[in-house]
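Notes follow the structure.
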Amino acid sequence: MRDRKHLLRLYRDLGRDPTDAELMMWAQIHSEHCRHHIFRSPLEEDGHLLNTTLLGLIQATYDEHPGSVLLAYRDNAAVLEGMPVKRLVPCLESRASGGGSERIYRLILEREHSVIKVETHNHPTAIAPFPGAATGSGGE
Numbered sequence: 002m003r004d005r006k007h008l009l010r011l012y013r014d015l016g017r018d019p020t021d022a023e024l025m026m027w028a029q030i031h032s033e034h035c036r037h038h039i040f041r042s043p044l045e046e047d048g049h050l051l052n053t054t055l056l057g058l059i060q061a062t063y064d065e066h067p068g069s070v071l072l073a074y075r076d077n078a079a080v081l082e083g084m085p086v087k088r089l090v091p092c093l094e095s096r097a098s099g100g101g102s103e104r105i106y107r108l109i110l111e112r113e114h115s116v117i118k119v120e121t122h123n124h125p126t127a128i129a130p131f132p133g134a135a136t137g138s139g140g141e
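For the sequence shown, the residue numbers in the working numbering are 2 to 141.
So, in structure tokens, the structure goes:
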């Protein structure tokens, strides 16, 4: 509601109505996908407001048990500590061979971390299946 009041005040001060393009941009920037109004709203249980949000509950699991999480809650992504894996990499030097040169490769043991990225495009599918599904799995 506060966002709508701000929008009304803005265009009243400008002395004009918003264009269709401006309204569309406003809708996109202030959507659940971008601002997470639902995830950041206070929760209510049995008629009483709780001192947390859905996002707060999710983040609390990391705070209590960070385990092997190296990075969390950055652009809806996390980095999990990996394990050493063998990787075939080119050496900086090459050697001459029969009139040409050939690249030399070697195996190295290197820790490889995993990145997990969450995208919220699934949400509109629950509300409006066909338009929601049309958003696809992208969004980046």
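Don't be surprised by glycine CBs; every beta carbon is placed ideally from N, CA and C.
All figures in this text were calculated on a predicted structure; none of them were measured in a lab.
Between residue i and residue j, what straight-line distance do the alpha-carbon atoms span, to the nearest angstrom?
{"i": "E141", "j": "V80", "result": "Note that E141 has pLDDT 40, beneath the 50 cutoff, so the model's placement of it is unreliable and the number below is only indicative. C-alpha separation (whole angstroms): 18 Å."}
{"i": "R13", "j": "K6", "result": "10 Å"}
{"i": "M25", "j": "R3", "result": "18 Å"}
{"i": "A73", "j": "Y63", "result": "8 Å"}
Residue j and residue i - do their beta-carbons sit closer together than 8 Å?
{"i": "L108", "j": "L89", "result": "yes"}
{"i": "G83", "j": "R112", "result": "yes"}
Spell out the partners DSSP gives residue i in its beta bridges.
{"i": "R112", "result": "P85"}
{"i": "L72", "result": "V80"}
Terminal residues of the continuous alpha helix (DSSP H) containing residue i?
{"i": "I30", "result": "21-30"}
{"i": "R17", "result": "Run containing R17: none; DSSP gives neither H nor E here."}
{"i": "H34", "result": "33-36"}
At what residue ranges does the segment 41-68 contain a whole run of the alpha helix (DSSP H), taking only runs of 4 or more? 55-65
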